[in-house]
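Below: one structure, written as structure tokens.
Protein chains: 2
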Amino acid sequence: MSSPVSTLPHPDAIRTVLALVHSGLTRVESSLTHLSETDDAILAPMLSAVLPGSGKRLRPALALLIGRMSAATADADALNQMAVGVELLHTASLVHDDIVDESDTRHGGATLYARVGNALAVLVGDYLFSQAAQACVATGNLHVVRLFAETLGAMAQGQIDDANRVLGGRHSWEALSRERYYRTIGGKTASLFVLACQGTGLLTGLDAPQVNALRVYGENLGLAFQVFDDILDFTATEAELGKPVGSDLRQGTITLPVILMRDVADGRFRAAFETEDVDLQVRLVQESGAIPLALSEAETLVARARAALLELPAGVERDALDALAAYVTHRTQ
Amino acid sequence: MSSPVSTLPHPDAIRTVLALVHSGLTRVESSLTHLSETDDAILAPMLSAVLPGSGKRLRPALALLIGRMSAATADADALNQMAVGVELLHTASLVHDDIVDESDTRHGGATLYARVGNALAVLVGDYLFSQAAQACVATGNLHVVRLFAETLGAMAQGQIDDANRVLGGRHSWEALSRERYYRTIGGKTASLFVLACQGTGLLTGLDAPQVNALRVYGENLGLAFQVFDDILDFTATEAELGKPVGSDLRQGTITLPVILMRDVADGRFRAAFETEDVDLQVRLVQESGAIPLALSEAETLVARARAALLELPAGVERDALDALAAYVTHRTQ
Chain A
1 MSSPVSTLPH PDAIRTVLAL VHSGLTRVES SLTHLSETDD AILAPMLSAV
51 LPGSGKRLRP ALALLIGRMS AATADADALN QMAVGVELLH TASLVHDDIV
101 DESDTRHGGA TLYARVGNAL AVLVGDYLFS QAAQACVATG NLHVVRLFAE
151 TLGAMAQGQI DDANRVLGGR HSWEALSRER YYRTIGGKTA SLFVLACQGT
201 GLLTGLDAPQ VNALRVYGEN LGLAFQVFDD ILDFTATEAE LGKPVGSDLR
251 QGTITLPVIL MRDVADGRFR AAFETEDVDL QVRLVQESGA IPLALSEAET
301 LVARARAALL ELPAGVERDA LDALAAYVTH RTQ
Chain B
1 MSSPVSTLPH PDAIRTVLAL VHSGLTRVES SLTHLSETDD AILAPMLSAV
51 LPGSGKRLRP ALALLIGRMS AATADADALN QMAVGVELLH TASLVHDDIV
101 DESDTRHGGA TLYARVGNAL AVLVGDYLFS QAAQACVATG NLHVVRLFAE
151 TLGAMAQGQI DDANRVLGGR HSWEALSRER YYRTIGGKTA SLFVLACQGT
201 GLLTGLDAPQ VNALRVYGEN LGLAFQVFDD ILDFTATEAE LGKPVGSDLR
251 QGTITLPVIL MRDVADGRFR AAFETEDVDL QVRLVQESGA IPLALSEAET
301 LVARARAALL ELPAGVERDA LDALAAYVTH RTQ
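Going down the list, the sequences are from chains A and B. Numbering of the first sequence is given in the numbering used here, commencing with residue 1 and proceeding in unit increments. Numbering of the second sequence is given in the numbering used here, commencing with residue 1 and proceeding in unit increments.
This is how it looks when you write it as structure tokens:
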């Protein structure tokens, strides 16, 4: 599947993809803005701080693209609710993640946690979970709602795994496990991509092999997305990241580059790694050859995502999903 | 409707009610225990700390009683999921409430927040929301799931109102509003009683006037329950409460007895009330005549709940719901 779209330089590819679903994304944006314009004078400014105009809207774009693939014209209202529901669930989880990580900034701006404090941020996250659930219910499809409810659980479980990676023993050399890493990011990141992809397939009545292909696409795309995020934490600049290089390690979070560094190093860096010198640890990861290895794992995941697309009908939407998968490992942020 | 059940001494009335749904409650308990026996070694002990064997199971009992009222035999599995879903939602909200209130103890035991800290308690609450949603989805009824999703939002909004009552200006004399109080407790407490009652009516296919009557019953029962809780905070002993008398006021939370005290006092206690002497403030509320007035409001709500029951078919289940309503204002904890 060497589509013309996927051979374009990637920034252009993404522009082409987003142009396909431009009107759908505009409607999603307007639904999110509408949600933040509640009469509740306490809630409204907090919702306005997290809902409108923020983020790449990658997950709604996936839902909208897949919504165009069904032979029957998908119900535009239901599809909008699906895209909105996925983005609301993403936003809710970010609000709670920032509490868990005690993060004061995200993409250069103050987090809701930093603005309104722990208590209100917990409750606004809960309110957003409710709005996400209501949007999924408004699709009218119980299969979609079931997947939504399971996704919420998988995300929480992934985050608990993640928090525990941090809380249980900092930087323990033996504790670094690939299986655990992939299980964690499967829950905290990939499950939401699965909801966007498989959920929209269920909603628009694609057949079972196609819905399954979308699940495989979403799962691998989500894993690749997170692996590449974890690579960027070592390779991007502080300006691109909006936070110090090596932030994960500074927080005590073990990601794939660190695990691969251990395997490559074969014991050589162990002593250095068990010190408290995080700058040295970051440099060890950067110079160990672990980064190209991690990138290669991300590319393998992208290839799996792209291969799954062969089950789906050929067309501009499939090409766009292909281009999106290729884009995931060619971002700078 | 002066049923024989409701004229019994109340502890006996409750025993009679619970005996009616004993097998259903046993099944709910076993479902909750089963949920806590997950393979996830991190999650299992945290779930075991909050799920099995705790609480009065009042909300599942409501669902199970109402499940027996339908002419057609209700699907026992779906009804169990409904009762489990309501209790899980209740548990999830308690886990997050304890974070919001920074509460270390509940009913004499350590809260999850105290045991595992802020970050994990946020995530376990989210996981429980997911399990609650999955149980509601497993009823197979999209109307029930819609009501669940709306309830989650109403509860969060009520808690946000509540947190803001505390955070915005301590004890401000003018800020005390009955409307605001009832709106807050309607969201944070009564909405869950509505889900248990109206939701089960929807699930078992009662007709529209009966479902509406269950909504009115649940709403008024929930409001009465919370008003009486707020009265107990001034009238019960520290041993019964498991926390100091007047805890709400000590946290800066304004409840109905305080609002009625202001109205009764007609300005006389204003100066004293705007000091920081909480012991004095508690005594003012206790001695102002506000407590009997608040009790009378609770009794009015109970009477409204009981009156709504007239729309429902006569029988032991209706008598039991009547007795439960009467019990709400005759508890010691």
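Every residue, glycine too, gets a C-beta built ideally from N, C-alpha and C.
| Asked | Found |
| --- | --- |
| Taking the DSSP output, what are the residues bridged to ARG106/B? | GLY109/B |
| Note down, in chain order, each residue of its chain lying with its Cβ closer than 8 Å to the Cβ of LEU192/A, except the 5 sequence neighbours on either side. | ARG59, VAL86, LEU89, HIS90, SER93, THR151, MET155, GLY222 |
| Pick from GLY109/A, ASP101/A, ASP229/A, ASP207/A: whose alpha carbon is nearest that of ILE185/A? | ASP229/A |
| Taking THR204/B as the reference, which of LEU32/B, GLU29/B, ALA63/B, SER30/B has the closest Cα? | ALA63/B |
| Identify each residue in the segment 86–104 of chain A for which the Cβ-Cβ distance to at least one residue of chain B is less than 7 Å, and report them in chain order. | HIS96, ILE99, VAL100 |
| Kindly indicate which residue of ASP101/B, GLY109/B, VAL302/B, LEU128/B has the alpha-carbon position closest to the one of GLU219/B. | VAL302/B |
| Would a C-beta distance cut-off of 8 Å place ILE334/B and PRO209/B closer than the cut-off? | No answer is possible for residue 334/B: the residues shown for chain B start at 1 and end at 333. |
| Check for me: the alpha helix (DSSP H) holding MET338/B runs from which residue to which? | The structure shown does not extend to residue 338/B, since chain B is modelled only from 1 through 333, so no value can be given for it. |
| GLY55/A CB to nearest chain B CB: under 8 Å? | no |
| Using beta carbons (cut-off 8 Å, strictly below), is ARG331/B in contact with chain A? | no |
| DSSP three-state label for ASN212/A, please. | helix |
| Could you check if HIS34/B is buried or exposed, using at least 16 other CB atoms within 10 Å of its CB as the buried criterion? | exposed |
| Can you name, in chain order, every residue of its own chain whose Cβ lies under 6 Å from the Cβ of ARG331/A, other than the five neighbours on each side? | none |
| In this structure, how does DSSP classify HIS330/B when only helix, strand and coil are distinguished? | coil |
| From this set, ALA326/B, MET82/B, THR111/B, LEU214/B, which residue's C-alpha is nearest GLN134/B's C-alpha? | MET82/B |
| Rounding to the nearest angstrom, what Cα-Cα distance links VAL316/B and ASP263/B in this structure? | 41 Å |
| Could you give the distance in angstroms between the alpha-carbon of SER247/B and the alpha-carbon of LEU324/A? | 55 Å |
| So the alpha helix (DSSP H) ASN141/B belongs to, where does it begin and stop? | Careful: ASN141/B lies outside any alpha helix (DSSP H) and carries neither H nor E. |
| Can you find a C-beta in chain A that's less than 8 Å from the C-beta of THR253/B? | no |
| Return the CA-CA distance between ALA190/B and GLN226/B, expressed in angstroms with no decimal places. | 8 Å |
| On the DSSP letters alone, give me the boundaries of the alpha helix (DSSP H) that GLY85/B sits inside. | 76–100 |
| Does any residue of chain A have a CB that is nearer than 8 Å to the CB of ALA156/B? | yes |
| From ASP162/A, CYS197/A, GLY199/A, pick the residue whose C-alpha is nearest to that of ARG183/A; which is it? | ASP162/A |
| With a cut-off of 8 Å, does the C-beta of TYR113/B fall near any C-beta of chain A? | no |
| Quick one: what does DSSP say ASP162/B is sitting in, helix, strand or coil? | helix |
| To be precise: take each residue of the segment 142–156 of chain B, compare its Cβ to all Cβ atoms of chain A, and keep it if any distance is under 7 Å. Which residues remain? | LEU142, VAL145, ARG146, ALA149, GLU150, LEU152, GLY153, ALA156 |
| Can you look up PRO60/B in the DSSP assignment and give me helix, strand or coil? | helix |
| In whole angstroms, what is the alpha-carbon distance linking GLN67/A and VAL84/B? | It should be noted that the sequence gives Gly, not Gln, for residue 67/A. Between GLY67/A and VAL84/B, the C-alpha separation is close to 34 Å. |
| Between the Cα of GLY153/A and those of LEU128/B, ALA149/B, VAL144/B, spot the shortest distance and give me the residue it belongs to. | LEU128/B |
| Answer with buried or exposed for ASP126/B, where buried requires no fewer than 16 other C-beta atoms within 10 angstroms of its C-beta. | buried |
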